[in-house]
Amino acid sequence: MLKLAVLGAGAWGTALAVHLATKGHDVVLWAHSYTHAESMVLQRENPRYLPNIVFPERLMVTADLAVALADVDGVLLVVPSDAFADLLKRVVQLVGQPKHLAWATKGFDPQNQRLLHQVAIDELGADAPMAVVSGPTFADEVARGLPTAMVSASQDSVEADFWAQAFHYKHFRMYTQTDIAGVEVGGAFKNIMAIATGVSDGMGLGANARAALIARGMVEMQRFGALFDAQPSTLMGLAGLGDLVLTCTDDLSRNRRFGLSLARSGKNAQQVQQEIGQVVEGVKAVKIVMAIAQAHQLELPIVEQVFKLVQGQITAEQAVMRLLAREQTAEQGLV
Numbered sequence: 001m002l003k004l005a006v007l008g009a010g011a012w013g014t015a016l017a018v019h020l021a022t023k024g025h026d027v028v029l030w031a032h033s034y035t036h037a038e039s040m041v042l043q044r045e046n047p048r049y050l051p052n053i054v055f056p057e058r059l060m061v062t063a064d065l066a067v068a069l070a071d072v073d074g075v076l077l078v079v080p081s082d083a084f085a086d087l088l089k090r091v092v093q094l095v096g097q098p099k100h101l102a103w104a105t106k107g108f109d110p111q112n113q114r115l116l117h118q119v120a121i122d123e124l125g126a127d128a129p130m131a132v133v134s135g136p137t138f139a140d141e142v143a144r145g146l147p148t149a150m151v152s153a154s155q156d157s158v159e160a161d162f163w164a165q166a167f168h169y170k171h172f173r174m175y176t177q178t179d180i181a182g183v184e185v186g187g188a189f190k191n192i193m194a195i196a197t198g199v200s201d202g203m204g205l206g207a208n209a210r211a212a213l214i215a216r217g218m219v220e221m222q223r224f225g226a227l228f229d230a231q232p233s234t235l236m237g238l239a240g241l242g243d244l245v246l247t248c249t250d251d252l253s254r255n256r257r258f259g260l261s262l263a264r265s266g267k268n269a270q271q272v273q274q275e276i277g278q279v280v281e282g283v284k285a286v287k288i289v290m291a292i293a294q295a296h297q298l299e300l301p302i303v304e305q306v307f308k309l310v311q312g313q314i315t316a317e318q319a320v321m322r323l324l325a326r327e328q329t330a331e332q333g334l335v
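Once you know that position 15 of the sequence shown is 15 in UniProt numbering, the rest is easy, because the numbers rise by one and skip nothing.
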């Protein structure tokens, strides 16, 4: 058994910490807010983000980052993408290069429009042990021990295997991968498509439209992923297609709920985000993906309409009509 630090006490970070502690690891869950940490210590659950999930005995909570990182075998970052770079710098300042480093954050670095492994390489060097864990997962189901499958991706097979073994337990299956860029692209891109399908369902456009959006969204994901040399097989796997289907079809997805509310409420993106009360990663991701696509003259029709909708440039009805008005063409995979 290991001693692990899970940095980030949102729903996802808490769920992963609960799972790891349930397996028998000694886990320290770090929250950036002392008030939040104190409430979890007193109640032995996360009342704000993951209520009614009782913490295992081996799960400790702290708001002191130095305490969380003391003598750990591995560090898992589970914070919003715009907090990733700063937190990683703090980790390095406190302990240098961790023995094992992974993240379950899905998104891009907003400062430089990069994938998160590129941020980690800049901070730690290309040879540092690092991995990303991702897949079709909802926090509540993971915390309750429902069947789950994820991937541990690293260019270092030993590192990928370290995190796979740390997580793999009973109903939680963990596969290894070497295509870290492909896994990250899938995890970030699917949130944009979840907004699109949420809008479609919010407008009552039916199951046919939802299926078409998922299928064409998969094409746009592959097209975009090619910019990062993402492997098609990765994007057709758990971290790509698996996560895309999950996020687009179930209302536990914040991104899907965001799209539903945009279509039904008539409120703007900022108002809907405030109502949801948690980070909607797709709103941040679509801005970055659109900027990268424009720089490479890459055609991503669904992404473009989601971007304009989130920016308040068009309505949900206009977004749908613009997609339907596109010229007839052949379906040719990535073309």
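Heads up, the beta-carbon is just placed ideally off N, CA and C, and yes, glycines get one too.
Residue 49 burial status per 10 Å Cβ neighbour count (16 or more: buried):
Position 49 of the sequence shown, counted from the start, is the residue given in the question as residue 49. Result: buried.
Straight-line CA distance for residue 19 to residue 191?
Counting from 1 along the sequence shown, the entry for residue 19 is found at position 19. Counting from 1 along the sequence shown, the entry for residue 191 is found at position 191. Answer to the nearest angstrom: the Cα atoms are 24 angstroms apart.
Rounded separation between residue 250 and residue 45 - CA only:
As a first step, residue 250 is located in the sequence shown; it is residue number 250 there, counting from the start. As a first step, residue 45 is located in the sequence shown; it is residue number 45 there, counting from the start. Their backbone Cα atoms lie some 25 angstroms apart in a straight line.
I'd like the list of long-range same chain contacts for residue 339, defined as Cβ closer than 8 angstroms, with 5 residues on each side in sequence excluded.
Because the chain spans 1 through 335 in this model, residue 339 falls outside it and cannot be assessed.
Taking DSSP as the reference, what is the three-state secondary structure of residue 278?
Position 278 of the sequence shown, counted from the first residue, corresponds to residue 278. Assigned with DSSP and collapsed to three states, residue 278 falls in coil, not helix or strand.
I'd like to know if the segment 74-87 and the segment 98-113 are in contact, where contact means that at least 3 CB-CB pairs between them fall below 8 angstroms.
Contact between the segment 74-87 and the segment 98-113 is present: 3 or more CB-CB pairs across the two stretches fall below 8 angstroms.
Is the beta carbon of residue 244 less than 8 angstroms from the beta carbon of residue 181?
Locating residue 244 in the sequence shown gives position 244, counting from the first residue. Locating residue 181 in the sequence shown gives position 181, counting from the first residue. For residue 244 and residue 181, no; Cβs fall outside 8 angstroms.
Ignoring anything shorter than 4 residues, give me the alpha helix (DSSP H) runs that lie fully in the segment 299-323, in order along the chain.
Here the runs fully enclosed are 301-310.
Cβ neighbours of residue 160 in the same chain (closer than 8 angstroms, five flanking residues each side left out):
What you label residue 160 is simply residue 160 of the sequence shown in a count that begins at 1. For residue 160, same chain residues with a beta-carbon under 8 angstroms away, outside a window of 5 residues either side, are 131, 152, 153, 154, 176, 177, 178 in chain order.
Taking all protein chains shown into account, do 16 or more other C-beta atoms lie within 10 angstroms of the C-beta of residue 76, making it buried, or fewer, making it exposed?
As a position in the sequence shown, residue 76 is number 76, starting the count at 1. With 16 or more other Cβ atoms within 10 Å, it is buried.
Residues of its chain near residue 80, where Cβ-Cβ distance is below 6 angstroms and the 5 sequence neighbours each way are ignored:
Stepping through the sequence shown from its first residue, residue 80 is reached at position 80. The answer, listed in chain order, is 279.
Check for me: the beta strand (DSSP E) holding residue 34 runs from which residue to which?
To locate residue 34, count along the sequence shown from 1; it is residue 34. Counted as a single uninterrupted DSSP element, the stretch harbouring residue 34 is not any beta strand (DSSP E) but the alpha helix (DSSP H) occupying residues 34-43.
What are the residues that DSSP puts in a beta bridge with residue 103?
For the purposes of this step, residue 103 is taken as the residue at position 103 of the sequence shown. DSSP output for residue 103 lists 77, 132 as bridge partner(s).
Less than 8 angstroms between the CB atoms is what I'm expecting for residue 27 and residue 37, so what's the real figure, rounded?
Here the question's residue 27 lines up with position 27 in the sequence shown. Here the question's residue 37 lines up with position 37 in the sequence shown. Rounded to the nearest angstrom, the Cβ distance from residue 27 to residue 37 is 14 angstroms, too far for a contact under 8 angstroms.
List the endpoints of the continuous alpha helix (DSSP H) containing residue 151.
What you label residue 151 is simply residue 151 of the sequence shown in a count that begins at 1. That residue, residue 151, is in no alpha helix (DSSP H); its beta strand (DSSP E) goes 148-153.
What residue range does the alpha helix (DSSP H) around residue 4 cover?
Against the sequence shown, residue 4 aligns to sequence position 4. From DSSP, residue 4 is part of no alpha helix (DSSP H) but of the beta strand (DSSP E) over 3-7.
When burial is assigned at 16 or more other CB atoms within 10 Å of the CB, is residue 54 buried or exposed?
As a first step, residue 54 is located in the sequence shown; it is residue number 54 there, counting from the start. Burial call: exposed.
Taking residue 13 as the reference, which of 255, 105, 174, 294 has the closest Cα?
Here the question's residue 13 lines up with position 13 in the sequence shown. Distances from the alpha-carbon of residue 13 to those of 255, 105, 174, 294 put 105 closest.
Cβ shell of residue 312 (< 7 angstroms), same chain only, five flanking positions each side left out:
Taking the sequence shown and counting its residues from 1, the one referred to as residue 312 is at position 312. Closer than 7 angstroms at the Cβ level, and outside the excluded window around residue 312, lie 268, 269.
Distance, residue 124 Cα to residue 199 Cα
One-based indexing of the sequence shown puts residue 199 at position 199. One-based indexing of the sequence shown puts residue 124 at position 124. One alpha carbon belongs to residue 199, the other to residue 124, and they sit about 40 angstroms apart.
Identify whether residue 173 lies in helix, strand or coil by the three-state DSSP scheme.
Within the sequence shown, residue 173 is the residue found at index 173, counting from 1. Collapsing the DSSP output to three states places residue 173 in a strand.
Please specify which runs of the alpha helix (DSSP H), each continuous and at least 4 residues long, are wholly inside the segment 202-271, giving them in chain order.
Unbroken alpha helix (DSSP H) stretches of 4 residues or longer found wholly inside the segment 202-271: 207-225, 232-235, 243-249, 254-265, given in chain order.
I'd like the list of long-range same chain contacts for residue 217, defined as Cβ closer than 6 angstroms, with 5 residues on each side in sequence excluded.
Within the sequence shown, numbered from 1, the residue matching residue 217 stands at position 217. Non-local beta-carbon contacts of residue 217 in its own chain, meaning distances under 6 angstroms to residues more than five positions away in sequence, involve 193, 302 in chain order.
Contacting residues, own chain, Cβ-Cβ under 6 angstroms from residue 8 (five flanking each side not counted):
As a working note, residue 8 is residue 8 in the sequence shown. Hits under 6 angstroms: 78, 79.
For residue 62: DSSP bridge partner residues:
Reading the sequence shown from its first residue, position 62 is the one you call residue 62. Partner(s): 30.
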